[in-house]
Amino acid sequence: MSQNNFFPSIGAVAEKADNAPENEQVTLDKEADVTPAQEIESLCMKCGEQGITRMLLTSIPYFREVIVMSFRCEHCGATNNEVQSAGEIRPEGISYTVRVLARPDLNRQIVRSATCDIAIPEYQLTLPASSRGQLTTVEGLIRDVVADLSLDQPVRKYQDPENYTKIQTLIGQLREILADEENDEDGDDKDVEKPGVVVLRHAADKDNIPMPPFTIKLDDPSGNSFIEFVGNMADPKWTMKTYARTFQQNVGLGLVADEGKEPSKEVETIGGEGVNEEIFVFHGTCSSCGHPLDTMMKKVNIPYFKDIIIMSTNCDRCGYRDNEVKSGSAISEQGKRITLKVEDKEDLSRDILKSETAGLTIPEIDLVLSHGTLGGRFTTLEGILEQVYEELSEKVFANEAGDSKDPQDRNSFETFLKNLKEVRNAERPFTLILDDPLANSYVQNLYAPDPDPNMQVEMYDRTFDQNEELGLNDIKVEGYENDAEAAGQEKEEKEAIKP
Numbered sequence: 000m001s002q003n004n005f006f007p008s009i010g011a012v013a014e015k016a017d018n019a020p021e022n023e024q025v026t027l028d029k030e031a032d033v034t035p036a037q038e039i040e041s042l043c044m045k046c047g048e049q050g051i052t053r054m055l056l057t058s059i060p061y062f063r064e065v066i067v068m069s070f071r072c073e074h075c076g077a078t079n080n081e082v083q084s085a086g087e088i089r090p091e092g093i094s095y096t097v098r099v100l101a102r103p104d105l106n107r108q109i110v111r112s113a114t115c116d117i118a119i120p121e122y123q124l125t126l127p128a129s130s131r132g133q134l135t136t137v138e139g140l141i142r143d144v145v146a147d148l149s150l151d152q153p154v155r156k157y158q159d160p161e162n163y164t165k166i167q168t169l170i171g172q173l174r175e176i177l178a179d180e181e182n183d184e185d186g187d188d189k190d191v192e193k194p195g196v197v198v199l200r201h202a203a204d205k206d207n208i209p210m211p212p213f214t215i216k217l218d219d220p221s222g223n224s225f226i227e228f229v230g231n232m233a234d235p236k237w238t239m240k241t242y243a244r245t246f247q248q249n250v251g252l253g254l255v256a257d258e259g260k261e262p263s264k265e266v267e268t269i270g271g272e273g274v275n276e277e278i279f280v281f282h283g284t285c286s287s288c289g290h291p292l293d294t295m296m297k298k299v300n301i302p303y304f305k306d307i308i309i310m311s312t313n314c315d316r317c318g319y320r321d322n323e324v325k326s327g328s329a330i331s332e333q334g335k336r337i338t339l340k341v342e343d344k345e346d347l348s349r350d351i352l353k354s355e356t357a358g359l360t361i362p363e364i365d366l367v368l369s370h371g372t373l374g375g376r377f378t379t380l381e382g383i384l385e386q387v388y389e390e391l392s393e394k395v396f397a398n399e400a401g402d403s404k405d406p407q408d409r410n411s412f413e414t415f416l417k418n419l420k421e422v423r424n425a426e427r428p429f430t431l432i433l434d435d436p437l438a439n440s441y442v443q444n445l446y447a448p449d450p451d452p453n454m455q456v457e458m459y460d461r462t463f464d465q466n467e468e469l470g471l472n473d474i475k476v477e478g479y480e481n482d483a484e485a486a487g488q489e490k491e492e493k494e495a496i497k498p
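Heads up: the sequence shown begins at 0 in numbering that gives the first Met the number 0, then just goes up one per residue.
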């Protein structure tokens, strides 16, 4: 029995339902060994009578198999919908970020497992993991939030006026997204017969109503949640990342036993054996929450390059993290320009050190990052492109709520981010140019110590303006003792002249 027969796609199930004769129920087809839907009598927890639970085993394109369950009691009208993953817990956690900029984005499908957190940062709204899964859309999720927040508002208005006002403000902001008509409490709106009710507009009537852009983020340590992309995975508004689960997340998923303490953490070294120095720890204070934290610093030798210093800060209280890389060697007399021809995904795994003085350019997509952008980073080529994409997408989409609302500008931004995403996934060949006037940047040579046929390294003399910008024109490394002595004598003479 094939897995596809057990889990037909949603589209196949919908097509079969559309072609079925009227008043004909879809039942278990034993001969074809297909289970489009099953009906099971279930106890209604509200009235105690028997209701019907319908189960559908289906697969979501580009995701995985899920079980959709819908319960309804004909006696009291109670309903309940739930979705569960039909697969195993994934080896890694997963997080999605989607920029919702236009009303069609509200139709994106969401599969939310029972372990998934959802956040909308613009409204400081966080939906913690619930006891059941959910199959909905972005619009459906917003409607559920509005309904839940509105449930106790009449009582809260008199018992807790302060929180009532805050929640009512949030409800009003979310209703701007939905663009539904709402009659006021006094019933002054003559177009609505019943006062104090929300009237749903037709989808076509909402096209000309402006919608505030926002971001929706899904974080699921089990890896069993999903939000739909448009077209393909190069969708510029859609981003997916996987991550290693923490010890506490594994405990929460029941994968390991909680013995009261986390396993000891060992610090990994980079580079050859015997060439790395010890780790230095500096005590400090978190700039985000003020909680005490440690900053770790380590000197590392990169083969065929030079020594670097890696600094890492991580706050266990609020999650703030910061990593920085600086050169551990003397200032180079010349600058360095590295040109790499990227042809396939294997090149994305190259180690790359981008110093805080380096600029990055990809001519094929008109990407130019000036010197100092992103600071110092030691990662892979794929990692640096991911960081560039995240930084630019956050800034570009944040501006959608500001002054730049020209549709042409928005389309050009989305096209640029789509091209950047294709480059990040090595779906097209491109050229990476890393220009560092201090020669403190590095791209791994896969053929070392032999020359790399896809990489060209050029040393050049810095201009006066470059030295001025870096503060090198004023640096004096010889004869400064005499200058210091002369400055001291001049100070003594001035002191002696004073009355």
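Cβ atoms here follow ideal geometry from the backbone N, Cα and C, with glycine treated the same way. For clarity, every value in this text was computed on a predicted model and none was experimentally measured.
The Cβ atoms of residue 440 and residue 354 lie closer than 8 Å to each other. With a threshold of 16 other beta carbon atoms within 10 Å, residue 232 falls short and is exposed. Taken atom to atom, the span from the alpha-carbon of residue 225 to that of residue 111 is near 7 Å.
Of all C-beta pairs linking the region 358-371 to the region 453-460, fewer than three are shorter than 8 Å, placing the two stretches out of contact. Around the beta carbon of residue 343, fewer than 16 other beta carbons lie within 10 angstroms, which makes this residue exposed.
In the structure shown, the three-state DSSP call for residue 112 is coil.
The criterion of a C-beta distance shorter than 8 Å is satisfied by residue 141 and residue 177. Residue pairing by DSSP puts residue 118 in a beta bridge opposite 125 and 216. The Cβ atoms of residue 351 and residue 325 do not sit closer than 8 Å to each other. Rounded to whole angstroms, the separation of the alpha carbons of residue 464 and residue 287 is 36 Å. Annotation: residue 364 is outside any beta strand (DSSP E) and is labelled neither H nor E by DSSP.
By the Cβ test, the region 104-118 is not in contact with the region 69-80, since fewer than three Cβ pairs between them sit closer than 8 Å. In chain order, 423 place their CB closer than 6 Å to the CB of residue 384, counting only its own chain and leaving out the 5 sequence neighbours on each side. With contacts defined by Cβ atoms closer than 8 Å, residue 438 and residue 341 do not form a contacting pair.
Across the set 71, 221, 64 and 53, the C-alpha of 221 shows the shortest separation from the C-alpha of residue 252.
Per DSSP, residue 160 is one residue of the alpha helix (DSSP H) stretching across 160-177. Residue environment analysis places residue 230 among the exposed positions, since fewer than 16 neighbouring C-beta atoms fall within 10 angstroms of its C-beta.
In this chain, the beta strand (DSSP E) harbouring residue 456 covers 454-459. In chain order, 91, 92, 93 and 94 place their CB closer than 8 Å to the CB of residue 242, counting only its own chain and leaving out the 5 sequence neighbours on each side. Around the beta carbon of residue 357, 16 or more other beta carbons lie within 10 angstroms, which makes this residue buried.
Membership of residue 150 in any alpha helix (DSSP H) is not indicated, and neither H nor E is assigned to it by DSSP. Spatial neighbours of residue 156 in its own chain (CB-CB distance under 7 Å, excluding positions within 5 residues in sequence) are listed in chain order as 163.
Residue 335 counts as buried, since at least 16 other C-beta atoms from the protein chains shown sit within 10 angstroms of its C-beta. The three-state reading of DSSP puts residue 94 in strand, counting E and B together. For residue 250, the enclosing alpha helix (DSSP H) covers residues 246-251. Per DSSP, reduced to three states, the secondary structure at residue 133 is strand.
The shortest C-alpha to C-alpha distance from residue 55 to any of 36, 103, 69 and 45 is the one to 36. The three-state secondary structure of residue 372, taken from DSSP, is coil. Distance from the CA of residue 151 to the CA of residue 97, rounded to the nearest whole angstrom, comes to 30 Å. With 16 or more neighbouring CB atoms inside 10 Å of its own CB, residue 212 falls in the buried class. Remark: C-beta atoms of residue 320 and residue 290 do not approach each other more closely than 8 Å. Between residue 300 and residue 311, the C-beta gap is not smaller than 8 Å, which leaves the two residues out of contact. Note on geometry: alpha-carbon atoms of residue 166 and residue 64 lie some 37 Å from one another. Taking 8 Å as the upper bound for CB-CB distance, residue 210 and residue 101 are in contact here, some 7 Å apart.
If you look at residue 465, you'll find it in the alpha helix (DSSP H) that goes 463-469. A Cβ-Cβ separation of about 14 Å leaves residue 372 out of contact with residue 432 under the 8 Å criterion.
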